[in-house]
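*Asks:*
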(Lines of atoms letter the chains of each structure in order from A and count residues from 1; the text may use other names and numbers.)
(Lines give C-alpha, C1' and ligand atoms only; values in the text may rest on other atoms or scores of the structure.)
Protein backbone atom coordinates (compact mmCIF):
# COMPACT_ATOMS: atom_id res chain seq x y z
CA UNK A 1 0.00 0.00 0.00
CA UNK A 2 1.19 3.52 -0.73
CA UNK A 3 0.68 6.51 1.53
CA UNK A 4 -1.49 8.03 -1.24
CA UNK A 5 -4.69 6.19 -0.30
CA UNK A 6 -6.94 7.77 2.30
CA UNK A 7 -6.94 4.62 4.45
CA UNK A 8 -3.13 4.58 4.40
CA UNK A 9 -3.13 8.26 5.37
CA UNK A 10 -5.54 7.51 8.20
CA UNK A 11 -3.26 4.76 9.48
CA UNK A 12 -0.25 7.07 9.23
CA UNK A 13 -2.11 9.65 11.34
CA UNK A 14 -2.33 7.11 14.17
CA UNK A 15 -5.82 5.70 13.59
CA UNK A 16 -6.14 1.91 13.60
CA UNK A 17 -8.80 0.79 11.11
CA UNK A 18 -10.89 -2.12 12.38
CA UNK A 19 -13.77 -3.63 10.42
CA UNK A 20 -17.11 -3.76 12.18
CA UNK A 21 -18.19 -7.04 10.63
CA UNK A 22 -17.26 -10.71 10.48
CA UNK A 23 -18.58 -13.86 8.85
CA UNK A 24 -17.19 -17.28 8.05
CA UNK A 25 -17.68 -16.65 4.35
CA UNK A 26 -15.61 -13.46 4.61
CA UNK A 27 -12.77 -15.39 6.24
CA UNK A 28 -12.90 -18.45 3.96
CA UNK A 29 -13.22 -16.49 0.70
CA UNK A 30 -10.14 -14.40 1.37
CA UNK A 31 -12.27 -11.27 1.52
CA UNK A 32 -11.01 -10.42 4.99
CA UNK A 33 -7.39 -10.83 3.94
CA UNK A 34 -8.06 -8.58 0.94
CA UNK A 35 -9.26 -5.80 3.25
CA UNK A 36 -6.09 -6.24 5.29
CA UNK A 37 -3.97 -6.00 2.14
CA UNK A 38 -5.85 -3.27 0.28
CA UNK A 39 -7.69 -1.20 2.89
CA UNK A 40 -5.25 -1.09 5.84
CA UNK A 41 -7.65 -3.03 8.08
CA UNK A 42 -5.86 -4.22 11.23
CA UNK A 43 -8.68 -5.62 13.38
CA UNK A 44 -12.30 -6.72 13.59
CA UNK A 45 -15.17 -6.15 15.98
CA UNK A 46 -18.26 -8.31 16.23
CA UNK A 47 -21.56 -8.12 18.08
CA UNK A 48 -24.74 -10.21 18.26
CA UNK A 49 -26.27 -8.36 15.29
CA UNK A 50 -23.26 -9.16 13.10
CA UNK A 51 -23.38 -12.86 13.99
CA UNK A 52 -27.16 -13.02 13.48
CA UNK A 53 -26.71 -11.55 9.98
CA UNK A 54 -23.84 -13.90 9.15
CA UNK A 55 -25.79 -17.00 10.20
CA UNK A 56 -28.78 -16.02 8.08
CA UNK A 57 -26.82 -15.93 4.82
CA UNK A 58 -25.12 -18.56 2.73
CA UNK A 59 -23.93 -22.06 3.51
CA UNK A 60 -20.63 -21.43 5.27
CA UNK A 61 -21.93 -22.68 8.62
CA UNK A 62 -23.77 -25.78 7.36
CA UNK A 63 -21.02 -28.32 8.02
CA UNK A 64 -20.44 -27.22 11.59
CA UNK A 65 -24.16 -27.03 12.27
CA UNK A 66 -24.55 -30.64 11.06
CA UNK A 67 -21.71 -31.75 13.34
CA UNK A 68 -23.23 -29.96 16.32
CA UNK A 69 -26.67 -31.41 15.61
CA UNK A 70 -25.22 -34.93 15.34
CA UNK A 71 -23.40 -34.44 18.66
CA UNK A 72 -26.64 -33.39 20.36
CA UNK A 73 -25.37 -29.90 21.19
CA UNK A 74 -27.79 -27.61 23.00
CA UNK A 75 -28.74 -24.30 21.43
CA UNK A 76 -26.47 -22.33 23.76
CA UNK A 77 -23.58 -24.72 23.14
CA UNK A 78 -24.04 -24.42 19.38
CA UNK A 79 -24.02 -20.61 19.43
CA UNK A 80 -20.93 -20.65 21.65
CA UNK A 81 -19.08 -23.05 19.33
CA UNK A 82 -20.06 -21.26 16.11
CA UNK A 83 -19.17 -17.73 17.22
CA UNK A 84 -15.91 -18.64 18.95
CA UNK A 85 -14.80 -20.63 15.90
CA UNK A 86 -15.21 -17.54 13.70
CA UNK A 87 -13.33 -15.36 16.17
CA UNK A 88 -10.47 -17.84 16.57
CA UNK A 89 -10.10 -18.18 12.79
CA UNK A 90 -10.17 -14.42 12.31
CA UNK A 91 -7.58 -14.05 15.06
CA UNK A 92 -5.26 -16.31 13.07
CA UNK A 93 -5.82 -14.13 10.00
CA UNK A 94 -4.87 -11.04 11.98
CA UNK A 95 -1.89 -12.57 13.79
CA UNK A 96 0.67 -10.81 11.54
CA UNK A 97 -0.91 -7.42 12.36
CA UNK A 98 -0.84 -8.32 16.06
CA UNK A 99 2.86 -9.21 15.90
CA UNK A 100 3.74 -6.14 13.82
CA UNK A 101 2.02 -3.75 16.23
CA UNK A 102 3.33 -5.36 19.43
CA UNK A 103 -0.19 -6.40 20.38
CA UNK A 104 -2.05 -3.14 19.87
CA UNK A 105 -3.75 -4.23 16.65
CA UNK A 106 -4.62 -7.50 14.97
CA UNK A 107 -7.48 -7.74 17.46
CA UNK A 108 -10.76 -9.65 17.08
CA UNK A 109 -13.52 -8.85 19.57
CA UNK A 110 -16.33 -11.12 20.74
CA UNK A 111 -19.14 -9.95 22.99
CA UNK A 112 -20.38 -11.45 26.22
CA UNK A 113 -24.03 -12.50 25.96
CA UNK A 114 -25.97 -9.21 26.21
CA UNK A 115 -28.55 -10.64 28.59
CA UNK A 116 -25.78 -10.55 31.23
CA UNK A 117 -25.29 -6.79 30.89
CA UNK A 118 -26.63 -6.11 34.39
CA UNK A 119 -25.02 -9.16 36.00
CA UNK A 120 -21.45 -8.35 37.05
CA UNK A 121 -20.49 -11.84 38.20
CA UNK A 122 -22.18 -13.49 35.21
CA UNK A 123 -20.42 -11.18 32.77
CA UNK A 124 -17.01 -11.77 34.36
CA UNK A 125 -17.53 -15.54 34.30
CA UNK A 126 -18.63 -15.50 30.65
CA UNK A 127 -15.66 -13.28 29.72
CA UNK A 128 -13.31 -15.86 31.23
CA UNK A 129 -15.11 -18.70 29.42
CA UNK A 130 -14.92 -16.94 26.04
CA UNK A 131 -11.27 -16.01 26.55
CA UNK A 132 -10.34 -19.59 27.38
CA UNK A 133 -12.35 -21.03 24.47
CA UNK A 134 -11.04 -18.69 21.77
CA UNK A 135 -7.55 -19.13 23.26
CA UNK A 136 -5.89 -16.48 21.11
CA UNK A 137 -3.75 -13.78 22.65
CA UNK A 138 -5.07 -11.29 20.07
CA UNK A 139 -8.72 -11.78 21.01
CA UNK A 140 -10.65 -9.18 22.99
CA UNK A 141 -13.75 -9.76 25.07
CA UNK A 142 -16.46 -7.12 24.74
CA UNK A 143 -18.11 -6.06 27.98
CA UNK A 144 -20.82 -3.36 28.00
CA UNK A 145 -20.20 -0.19 30.01
CA UNK A 146 -23.20 -0.62 32.28
CA UNK A 147 -22.76 0.04 36.00
CA UNK A 148 -22.54 -3.71 36.54
CA UNK A 149 -20.19 -4.01 33.58
CA UNK A 150 -17.64 -1.79 35.32
CA UNK A 151 -17.10 -4.43 37.99
CA UNK A 152 -16.73 -7.12 35.33
CA UNK A 153 -14.16 -5.01 33.41
CA UNK A 154 -12.01 -4.87 36.53
CA UNK A 155 -12.43 -8.60 37.21
CA UNK A 156 -11.51 -9.60 33.66
CA UNK A 157 -8.55 -7.23 33.43
CA UNK A 158 -7.27 -8.43 36.80
CA UNK A 159 -6.78 -11.97 35.45
CA UNK A 160 -5.07 -10.83 32.25
CA UNK A 161 -7.98 -10.70 29.80
CA UNK A 162 -7.89 -7.98 27.14
CA UNK A 163 -11.23 -6.17 27.18
CA UNK A 164 -13.09 -4.11 24.58
CA UNK A 165 -15.51 -2.00 26.61
CA UNK A 166 -18.59 -1.34 24.49
CA UNK A 167 -21.65 0.92 24.57
CA UNK A 168 -20.00 4.02 26.06
CA UNK A 169 -22.03 7.18 25.43
CA UNK A 170 -21.20 9.65 28.20
CA UNK A 171 -17.99 11.30 29.36
CA UNK A 172 -18.76 10.39 32.97
CA UNK A 173 -19.11 6.72 32.10
CA UNK A 174 -15.92 6.90 30.05
CA UNK A 175 -14.05 8.10 33.16
CA UNK A 176 -15.59 5.24 35.14
CA UNK A 177 -14.52 2.75 32.46
CA UNK A 178 -10.93 3.99 32.61
CA UNK A 179 -11.03 3.73 36.40
CA UNK A 180 -12.31 0.15 36.14
CA UNK A 181 -9.45 -0.71 33.77
CA UNK A 182 -6.80 0.90 35.99
CA UNK A 183 -8.20 -0.91 39.02
CA UNK A 184 -7.97 -4.19 37.13
CA UNK A 185 -4.37 -3.43 36.15
CA UNK A 186 -3.50 -2.71 39.78
CA UNK A 187 -4.96 -6.06 40.80
CA UNK A 188 -3.14 -7.83 37.95
CA UNK A 189 0.12 -6.21 39.00
CA UNK A 190 -0.40 -7.37 42.59
CA UNK A 191 -1.01 -10.89 41.28
CA UNK A 192 2.27 -10.85 39.37
CA UNK A 193 0.71 -10.81 35.89
CA UNK A 194 2.77 -9.26 33.08
CA UNK A 195 0.90 -6.00 32.46
CA UNK A 196 2.32 -5.64 28.96
CA UNK A 197 0.16 -8.56 27.80
CA UNK A 198 -3.10 -6.80 28.75
CA UNK A 199 -4.68 -4.45 26.20
CA UNK A 200 -7.99 -2.62 26.22
CA UNK A 201 -10.08 -0.25 24.13
CA UNK A 202 -12.97 1.95 25.23
CA UNK A 203 -15.64 1.93 22.52
CA UNK A 204 -17.26 5.36 22.43
CA UNK A 205 -20.39 5.44 20.25
CA UNK A 206 -20.76 8.40 17.90
CA UNK A 207 -23.61 8.41 15.37
CA UNK A 208 -26.26 7.20 17.81
CA UNK A 209 -25.68 10.34 19.89
CA UNK A 210 -26.42 12.49 16.85
CA UNK A 211 -29.48 10.44 15.93
CA UNK A 212 -31.13 10.96 19.30
CA UNK A 213 -30.11 14.58 19.85
CA UNK A 214 -30.97 15.53 16.25
CA UNK A 215 -34.45 14.06 16.75
CA UNK A 216 -34.94 16.34 19.72
CA UNK A 217 -33.46 19.38 17.94
CA UNK A 218 -35.76 18.78 14.96
CA UNK A 219 -38.76 18.61 17.29
CA UNK A 220 -37.82 22.03 18.67
CA UNK A 221 -37.59 23.33 15.10
CA UNK A 222 -36.05 26.72 15.83
CA UNK A 223 -33.17 28.07 13.77
CA UNK A 224 -30.90 27.86 16.81
CA UNK A 225 -31.84 24.23 17.41
CA UNK A 226 -31.54 23.16 13.77
CA UNK A 227 -28.12 24.81 13.51
CA UNK A 228 -26.83 22.32 16.08
CA UNK A 229 -27.85 19.18 14.21
CA UNK A 230 -25.20 16.54 13.59
CA UNK A 231 -22.61 18.25 15.78
CA UNK A 232 -23.05 16.64 19.20
CA UNK A 233 -21.76 13.16 18.31
CA UNK A 234 -18.40 14.39 17.10
CA UNK A 235 -18.09 16.94 19.91
CA UNK A 236 -18.82 14.25 22.50
CA UNK A 237 -16.19 11.92 21.04
CA UNK A 238 -13.60 14.70 20.81
CA UNK A 239 -14.09 15.39 24.51
CA UNK A 240 -13.78 11.65 25.21
CA UNK A 241 -10.28 11.88 23.75
CA UNK A 242 -9.53 14.70 26.16
CA UNK A 243 -10.70 12.45 29.03
CA UNK A 244 -8.32 9.77 27.73
CA UNK A 245 -5.38 12.18 27.56
CA UNK A 246 -5.99 13.47 31.06
CA UNK A 247 -6.56 10.05 32.63
CA UNK A 248 -3.41 8.48 31.25
CA UNK A 249 -1.28 11.48 32.20
CA UNK A 250 -2.30 11.01 35.85
CA UNK A 251 0.14 9.84 38.50
CA UNK A 252 -1.91 6.69 39.03
CA UNK A 253 -1.75 5.73 35.35
CA UNK A 254 1.93 6.69 35.05
CA UNK A 255 2.90 4.23 37.78
CA UNK A 256 1.16 1.44 35.87
CA UNK A 257 2.55 2.50 32.48
CA UNK A 258 6.06 2.50 33.91
CA UNK A 259 5.39 -1.05 35.12
CA UNK A 260 4.66 -2.09 31.52
CA UNK A 261 0.91 -1.44 31.27
CA UNK A 262 -0.78 -0.22 28.09
CA UNK A 263 -3.17 2.69 27.76
CA UNK A 264 -6.82 1.93 27.14
CA UNK A 265 -7.20 3.42 23.68
CA UNK A 266 -10.39 5.20 22.61
CA UNK A 267 -12.29 3.35 19.90
CA UNK A 268 -14.83 5.20 17.75
CA UNK A 269 -17.84 2.93 17.23
CA UNK A 270 -21.12 3.56 15.43
CA UNK A 271 -19.23 5.47 12.73
CA UNK A 272 -21.58 4.84 9.83
CA UNK A 273 -23.72 7.93 9.22
CA UNK A 274 -27.42 7.41 9.85
CA UNK A 275 -28.51 10.64 8.16
CA UNK A 276 -28.05 10.36 4.36
CA UNK A 277 -27.69 14.13 4.07
CA UNK A 278 -24.38 13.98 5.97
CA UNK A 279 -20.96 13.30 4.42
CA UNK A 280 -20.50 9.52 4.53
CA UNK A 281 -17.02 9.87 6.04
CA UNK A 282 -18.02 12.41 8.73
CA UNK A 283 -17.29 10.17 11.71
CA UNK A 284 -13.90 9.23 10.28
CA UNK A 285 -12.43 12.52 9.12
CA UNK A 286 -13.63 14.51 12.15
CA UNK A 287 -12.12 12.02 14.62
CA UNK A 288 -8.51 11.66 13.52
CA UNK A 289 -6.04 11.54 16.41
CA UNK A 290 -3.06 9.47 17.52
CA UNK A 291 -3.62 6.18 19.35
CA UNK A 292 -7.30 5.69 18.47
CA UNK A 293 -9.24 2.95 16.73
CA UNK A 294 -12.07 3.56 14.27
CA UNK A 295 -14.21 0.47 13.76
CA UNK A 296 -16.12 0.92 10.52
CA UNK A 297 -18.88 -0.90 8.69
CA UNK A 298 -17.63 -1.89 5.25
CA UNK A 299 -19.69 0.82 3.55
CA UNK A 300 -17.93 3.51 5.59
CA UNK A 301 -14.56 1.88 5.02
CA UNK A 302 -15.08 1.91 1.25
CA UNK A 303 -16.28 5.52 1.30
CA UNK A 304 -13.18 6.51 3.25
CA UNK A 305 -10.90 4.67 0.83
CA UNK A 306 -12.66 6.20 -2.16
CA UNK A 307 -12.86 9.86 -1.19
CA UNK A 308 -11.92 10.45 2.44
CA UNK A 309 -9.98 13.67 3.03
CA UNK A 310 -7.80 12.85 6.02
CA UNK A 311 -6.50 15.67 8.24
CA UNK A 312 -3.39 15.20 10.38
CA UNK A 313 -5.43 15.64 13.58
CA UNK A 314 -9.03 16.78 13.90
CA UNK A 315 -9.40 16.19 17.64
CA UNK A 316 -6.76 17.60 19.96
CA UNK A 317 -7.34 21.27 19.15
CA UNK A 318 -11.12 20.97 19.29
CA UNK A 319 -11.97 20.80 22.98
CA UNK A 320 -13.16 24.38 23.51
CA UNK A 321 -15.40 24.25 20.42
CA UNK A 322 -16.69 20.81 21.39
CA UNK A 323 -17.66 22.04 24.85
CA UNK A 324 -19.47 24.97 23.23
CA UNK A 325 -21.53 22.56 21.12
CA UNK A 326 -22.62 20.48 24.11
CA UNK A 327 -23.36 23.64 26.12
CA UNK A 328 -25.48 24.97 23.25
CA UNK A 329 -27.42 21.69 23.08
CA UNK A 330 -28.04 21.88 26.84
CA UNK A 331 -29.23 25.46 26.42
CA UNK A 332 -31.95 24.10 24.13
CA UNK A 333 -33.30 22.13 27.08
CA UNK A 334 -31.91 18.80 25.94
CA UNK A 335 -30.49 16.77 28.82
CA UNK A 336 -27.13 15.16 28.02
CA UNK A 337 -27.48 12.75 30.95
CA UNK A 338 -30.97 11.71 29.87
CA UNK A 339 -29.89 11.13 26.27
CA UNK A 340 -26.82 9.08 27.15
CA UNK A 341 -28.70 6.96 29.71
CA UNK A 342 -31.42 6.27 27.14
CA UNK A 343 -28.86 5.30 24.51
CA UNK A 344 -27.14 2.87 26.88
CA UNK A 345 -30.44 1.18 27.67
CA UNK A 346 -31.42 1.03 24.00
CA UNK A 347 -28.00 -0.33 23.09
CA UNK A 348 -28.30 -3.22 25.52
CA UNK A 349 -31.90 -3.87 24.45
CA UNK A 350 -30.97 -3.95 20.75
CA UNK A 351 -28.22 -6.49 21.36
CA UNK A 352 -30.60 -8.67 23.39
CA UNK A 353 -33.02 -8.66 20.44
CA UNK A 354 -30.17 -9.55 18.07
CA UNK A 355 -29.05 -12.32 20.40
CA UNK A 356 -32.58 -13.75 20.28
CA UNK A 357 -32.45 -13.60 16.48
CA UNK A 358 -29.09 -15.38 16.54
CA UNK A 359 -30.50 -18.11 18.77
CA UNK A 360 -33.50 -18.50 16.46
CA UNK A 361 -31.23 -18.75 13.38
CA UNK A 362 -29.12 -21.45 15.00
CA UNK A 363 -32.18 -23.30 16.31
CA UNK A 364 -33.67 -23.42 12.81
CA UNK A 365 -30.37 -24.60 11.36
CA UNK A 366 -29.95 -27.32 13.99
CA UNK A 367 -33.46 -28.63 13.41
CA UNK A 368 -32.94 -28.68 9.64
CA UNK A 369 -29.69 -30.62 10.08
CA UNK A 370 -31.27 -33.42 12.11
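Residue numbers (my numbering): 18 to 387. Every residue, glycine too, gets a C-beta built ideally from N, C-alpha and C.
1. Within 10 Å of its beta-carbon, does residue 164 have 16 or more other beta-carbons around it, so buried, or fewer, so exposed?
2. Entirely within the segment 119-163 and at least 3 residues each: give me those beta strand (DSSP E) ranges in chain order.
3. Tell me the residue span of the beta strand (DSSP E) that contains residue 181.
4. Cβ of residue 312 within 7 Å of Cβ of residue 37?
5. Give me the residue from 158, 105, 150 with the minimum Cα distance to residue 216.
6. In this structure, does DSSP put residue 18 in helix, strand or coil?
7. Which word fits residue 90, buried or exposed, when buried means at least 16 other C-beta atoms lie within 10 angstroms of its C-beta?
8. For residue 250, name the three-state secondary structure that DSSP assigns.
9. Smallest Cα separation from residue 104: which of 328, 79, 150?
10. Below 7 Å CB to CB, which residues in the same chain sit around residue 281 once its five sequence neighbours on both sides are set aside?
11. Label residue 19 either buried or exposed according to how many other C-beta atoms from any shown protein chain fall within 10 Å of its C-beta, with 16 as the threshold for buried.
12. Using only CA atoms, which one of 379, 384, 385 lies nearest to residue 96?
13. Just confirm the distance between the C-beta atoms of residue 129 and residue 107, as a whole number of angstroms; I'd bet it's less than 8 Å.
14. Could you check whether the segment 244-257 touches the segment 368-377, counting it as contact only if at least three pairs of C-beta atoms, one from each stretch, sit closer than 8 Å?
15. According to DSSP, is residue 31 helix, strand or coil?
*Replies:* The structure says:
1. Reading the chain shown from its first residue, position 147 is the one you call residue 164. Burial call: exposed.
2. 124-128, 156-161
3. The residue you call residue 181 lines up with position 164 of the chain shown. Per DSSP, residue 181 belongs to the beta strand (DSSP E) from 180-185.
4. Along the chain shown, read from residue 1 onward, the residue named residue 312 stands at position 295. Along the chain shown, read from residue 1 onward, the residue named residue 37 stands at position 20. In this structure, residue 37 lies closer than 7 Å to residue 312 by Cβ.
5. Walking along the chain shown from the start, residue 216 turns up at place 199. Here the closest residue by C-alpha is 158.
6. Residue 18 sits at position 1 when you count from the first residue of the chain shown. Bear in mind that a pLDDT of 42 at residue 18, under 50, signals an unreliable position, so the model cannot answer this.
7. Taking the chain shown and counting its residues from 1, the one referred to as residue 90 is at position 73. By the neighbour-count rule (16 or more Cβ atoms within 10 Å), residue 90 is buried.
8. Here residue 250 refers to the residue found at position 233 of the chain shown. The answer is helix: DSSP assigns residue 250 an H, G or I state.
9. Taking the first residue of the chain shown as position 1, residue 104 is located at position 87. For residue 104, the nearest C-alpha among the options comes from 150.
10. In the chain shown, the residue the question calls residue 281 occupies position 264. 195, 198, 217, 218, 219, listed in sequence order.
11. Your numbering for residue 19 matches position 2 in the chain shown. No answer about residue 19 holds up, because its pLDDT of 49 lies below 50 and its placement is not dependable.
12. The residue labelled residue 96 in the question sits at position 79 within the chain shown. Measuring from the Cα of residue 96, the nearest candidate turns out to be 379.
13. Counting from 1 along the chain shown, the entry for residue 129 is found at position 112. Counting from 1 along the chain shown, the entry for residue 107 is found at position 90. Not confirmed; about 18 Å, so no contact.
14. no
15. Against the chain shown, residue 31 aligns to sequence position 14. The answer is coil: DSSP assigns residue 31 none of H, G, I, E or B.
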